[in-house]
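In this note's numbering, the protein residues as written are 125 to 267.
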Amino acid sequence: MPASGGVIISQKLATQLWPGQDALGKSIWLGKKTRYQVIGVAAPVLRPDPGYAGIGDAYDTLFLPAALGASETGSFVLGTDASHRQAVLRDAFAAIERIDPALVIERDSSGSITDLRRSYEKNNRIMIGLLGGVIVALMLVTG
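This is the structure:
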């Protein structure tokens with residue numbers, strides 16, 4: 125990551141950081157020495173790791189300039205009409221494989237935001253079902 129440069133942030137994060145103000149041109153500091161200037165504000169974007177237990181919520185998004193090394197990962201968000209989604213994914217995979225055949229693509233983690241969210245929330249639904257079953261069993265046992 126460069127020590128300075130431009131970043132794009134989500135509208136939600138811009139509103140949180142500078143309520144009622146224009147975020148463009150404002151500075152964001154990451155640590156004591158790394159300063160970025162806001163060069164763009166994006167519509168709400170669900171970050172690729174919504175389960176991360178960090179500060180804020182899944183829509184507090186900041187896009188930083190970065191060059192990926194051999195041990196780093198990256199995520200891409202592609203906007204398209206739902207009727208073209210599968211073709212766009214197929215073409216994106218093909219383009220990435222043409223550019224760098226050695227690159228590992230996690231196809232299980234690739235898909236529409238709706239599908240990824242459904243997969244993420246599946247674990248929550250399973251846990252809710254298990255807890256509900258345990259509660260019912262305890263109520264029956266303790267009667």
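Beta carbons: idealized from backbone N, C-alpha and C, even for Gly. Given the structure is predicted, the values throughout are model-derived calculations rather than measurements.
Residue range of the unbroken beta strand (DSSP E) whose run includes residue i
i, result
"Thr158", "Thr158 to Ala166"
"Ser243", "Premise fails: Ser243 lies in the alpha helix (DSSP H), Ile237 to Thr266, not in any beta strand (DSSP E)."
"Leu154", "Ser151 to Leu154"
Range of the contiguous alpha helix (DSSP H) that encloses residue i
i, result
"Ile229", "Element bounds for Ile229: n/a, residue is neither H nor E."
"Val212", "Arg209 to Ile223"
Environment of residue i [buried if 16+ CB atoms lie within 10 Å]
i, result
"Leu254", "exposed"
"Ser134", "buried"
"Lys136", "buried"
Which residues DSSP lists as bridging residue i, in chain order
i, result
"Gly130", "Gln161"
"Phe187", "Ile132"
Beta-carbon proximity list for residue i, same chain, < 8 Å, skipping 5 on both sides
i, result
"Leu113", "Since the first residue of the chain shown is 125 and the last is 267, residue 113 is not available in this structure."
"Val169", "Ser134, Tyr183, Thr185 and Val201"
"Ala216", "Phe200 and Leu202"
"Gly155", "none"
From the options, residue whose alpha carbon lies closest to that of residue i
i, options, result
"Gly130", "Ser151, Ile252 and Gly144", "Ser151"
"Glu230", "Ile259, Val258, Val212 and Gly198", "Gly198"
Residues near residue i in its chain [Cβ-Cβ closer than 7 Å; skip 5 each side]
i, result
"Asp239", "none"
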